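Structure record follows, encoded as structure tokens.
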Amino acid sequence: QQQVRQSPQSLTVWEGETAILNCSYENSAFDYFPWYQQFPGEGPALLISILSVSDKKEDGRFTIFFNKREKKLSLHIADSQPGDSATYFCAASVGNMGYKLTFGTGTSLLVDP
Amino acid sequence: GGIITQTPKFLIGQEGQKLTLKCQQNFNHDTMYWYRQDSGKGLRLIYYSITENDLQKGDLSEGYDASREKKSSFSLTVTSAQKNEMAVFLCASSAGLGVNQDTQYFGPGTRLLVL
Chain B
1 QQQVRQSPQS LTVWEGETAI LNCSYENSAF DYFPWYQQFP GEGPALLISI
51 LSVSDKKEDG RFTIFFNKRE KKLSLHIADS QPGDSATYFC AASVGNMGYK
101 LTFGTGTSLL VDP
Chain A
114 GGIITQTPKF LIGQEGQKLT LKCQQNFNHD TMYWYRQDSG KGLRLIYYSI
164 TENDLQKGDL SEGYDASREK KSSFSLTVTS AQKNEMAVFL CASSAGLGVN
214 QDTQYFGPGT RLLVL
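Chains as they are written, first to last, in the numbering used here: chain B, 1 to 113; chain A, 114 to 228.
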């Protein structure tokens, strides 16, 4: 049973557009949600994260919107650049087990110049 | 800063063979992890080690053994490679002991192909 789901599986946007990547979860105890970015041939790297006490987190062009009631969150990438082309993983953990992340299956983003 | 080194980068094995993957980190992190990444399936936790001399099974531990030789190194053994198996094994480390917002830092992976 997949506890963290991501959609779409793949996404193509034009350079300059806003890419929206979706994530949903089942375990209401999850309270920490990092997003990891992975380029081909590399390991994932932390991009941005949010705690469940917040409904929004911004870092430059990257914004997480979080809806605790619906158990959904989304990553918005504004002004998408070709260099943003990568696979993005949503993950989740329970506070007192912060070291044990549950990952989604990822969204592959392609930004066309 | 620090770095995670995984060896080998590529591993080709035979069915039934025992294969060992190695991971070294110089972050001085307490916790280390092994994940398996299959296309379309995300990352699945195989084993993790909270501190030196600790070993915990993840969701995908069957068919694997792990060893935390010292604080900086963590090895994973595929006990019997399965024919046509193809996956990337990722090692990661993090600083905290059950701390929320504990960032995991990943290595570049070992790519396994079993003939």
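Think of the CB as a built atom: it goes at the ideal place given N, C-alpha and C, for glycine as much as any other residue.
Please read all numbers here as calculations on a predicted model, not as lab measurements.
### Message
Please tell me whether V191/A and L132/A are closer than 7 Å, where the distance is taken between their beta carbons.
### Response
The residue labelled residue 191/A in the question sits at position 78 within the second sequence. The residue labelled residue 132/A in the question sits at position 19 within the second sequence. Yes; because the gap between Cβ atoms is below 7 Å, this pair is in contact.
#### Entry: Contact check, S185/A vs Q137/A, beta carbons under 7 Å
Position 72 of the second sequence holds residue 185/A. Position 24 of the second sequence holds residue 137/A. It is a contact, given that the beta carbons lie within the stated cut-off.
### Message
Please report whether the beta-carbon of L47/B lies at a distance below 7 Å from any beta-carbon of chain A.
### Response
Here residue 47/B refers to the residue found at position 47 when the first sequence is read from its first residue. With 7 Å as the cut-off, L47/B does not count as an interface residue toward chain A.
### Message
With H, G and I counted as helix, E and B as strand and the rest as coil, what does DSSP make of P34/B?
### Response
Along the first sequence, read from residue 1 onward, the residue named residue 34/B stands at position 34. P34/B: strand per DSSP, three-state reduction.
### Residue from Q6/B, C90/B, G16/B, H76/B whose Cα sits closest to the Cα of L101/B
Counting from 1 along the first sequence, the entry for residue 101/B is found at position 101. Taking only the C-alpha atoms, the option nearest L101/B is C90/B.
### Task
Closer than 7 Å by C-beta to L173/A: which residues in its own chain qualify, once you throw out the five before and the five after it? Chain order, please.
As a position in the second sequence, residue 173/A is number 60, starting the count at 1. Within the same chain, L173/A has close Cβ partners R149, R157, L158, I159.
### Query
For D112/B, which three-state DSSP category applies?
Indexing the first sequence from 1 puts residue 112/B at position 112. Strand at D112/B.
### Message
If the cut-off is 7 Å on Cβ atoms, which residues from the segment 186-208 of chain A count as contacting chain B, listed in chain order?
### Response
Cβ contacts with chain B: L203, S207.
### Message
For a cutoff of 7 Å on Cβ pairs, would you count T105/B as touching chain A?
### Response
Start at 1 with the first residue of the first sequence, and residue 105/B comes out as number 105. T105/B counts as touching chain A.
### Query
For chain A, is any of its Cβ atoms less than 7 Å away from the one on P40/B?
Against the first sequence, residue 40/B aligns to sequence position 40. Chain A, which has no Cβ nearer than 7 Å to the Cβ of P40/B, makes this no.
### Message
With a threshold of 7 Å between beta carbons, is L156/A in contact with chain B?
### Response
If you number the second sequence from 1, residue 156/A lands on position 43. Output row for L156/A: interface = yes.
### Spatial neighbours of S74/B in its chain, beta-carbon cut-off 8 Å, leaving aside the 5 residues before and after
Within the first sequence, residue 74/B is the residue found at index 74, counting from 1. Counting only Cβ-Cβ distances below 8 Å, and skipping sequence neighbours, we find I20, L21, N22, C23, I64, F65.
### Message
On the DSSP letters alone, give me the boundaries of the beta strand (DSSP E) that Y177/A sits inside.
### Response
On the second sequence, position 64 is the one that residue 177/A refers to. Here the beta strand (DSSP E) through Y177/A covers 177-183.
### Message
List, in chain order, every chain A residue whose beta-carbon is nearer than 7 Å to that of L101/B.
### Response
Position 101 of the first sequence, counting from 1, holds the residue named residue 101/B. Residues of chain A passing the Cβ test: Q217.
### Message
Short of 8 Å in beta carbon distance, which residues of its chain neighbour A45/B, apart from the five on each side in sequence? Order them along the chain.
### Response
Mapped onto the first sequence, residue 45/B falls at position 45. The residues are Y36, Q37, Q38.
### Message
Ignoring anything shorter than 3 residues, give me the beta strand (DSSP E) runs that lie fully in the segment 139-225 of chain A, in order along the chain.
### Response
144-151, 155-162, 177-183, 186-191, 199-207
### Task
Give the range of the beta strand (DSSP E) segment to which Q2/B is assigned.
Your numbering for residue 2/B matches position 2 in the first sequence. Taken as a continuous stretch (DSSP letters only), Q2/B belongs to no beta strand (DSSP E), as it is neither H nor E.
### Query
Among F123/A, F187/A, D178/A, which one has its Cα closest to the Cα of A205/A?
Numbered from its first residue, the second sequence carries residue 205/A at position 92. Nearest option by C-alpha distance: F187/A.
### Task
Please compile the residues from chain A whose C-beta is within a distance smaller than 9 Å of the C-beta of P8/B.
Position 8 of the first sequence, counted from the first residue, corresponds to residue 8/B. Per Cβ cutoff of 9 Å: no residues; P8/B is ~13 Å from chain A at best.
### Task
Tell me, please, which residues DSSP counts as bridged to T105/B.
The sequence position of residue 105/B within the first sequence is 105, counting from 1. T105/B is not bridged to any residue.
### Query
Shorter than 7 Å from the beta carbon of P82/B to some beta carbon of chain A?
Here residue 82/B is taken as the residue at index 82 of the first sequence, counted from 1. Chain A, which has no Cβ nearer than 7 Å to the Cβ of P82/B, makes this no.
#### Entry: Environment of G84/B [buried if 16+ CB atoms lie within 10 Å]
Position 84 of the first sequence, counted from the start, is the residue given in the question as residue 84/B. Checking the displayed sequence, the identity of residue 84/B turns out to be Asp instead of Gly. Classification for D84/B: buried.
### Task
Determine the burial state of W122/B: buried for a count of at least 16 other Cβ atoms within 10 Å of its Cβ, exposed for fewer.
As displayed, chain B neither begins before 1 nor continues past 113, which places residue 122/B out of reach and without an answer.
### Task
Count the other C-beta atoms from every protein chain shown that fall within 10 angstroms of the C-beta of S193/A, then say buried if there are 16 or more, exposed otherwise.
As a position in the second sequence, residue 193/A is number 80, starting the count at 1. With fewer than 16 other Cβ atoms within 10 Å, it is exposed.
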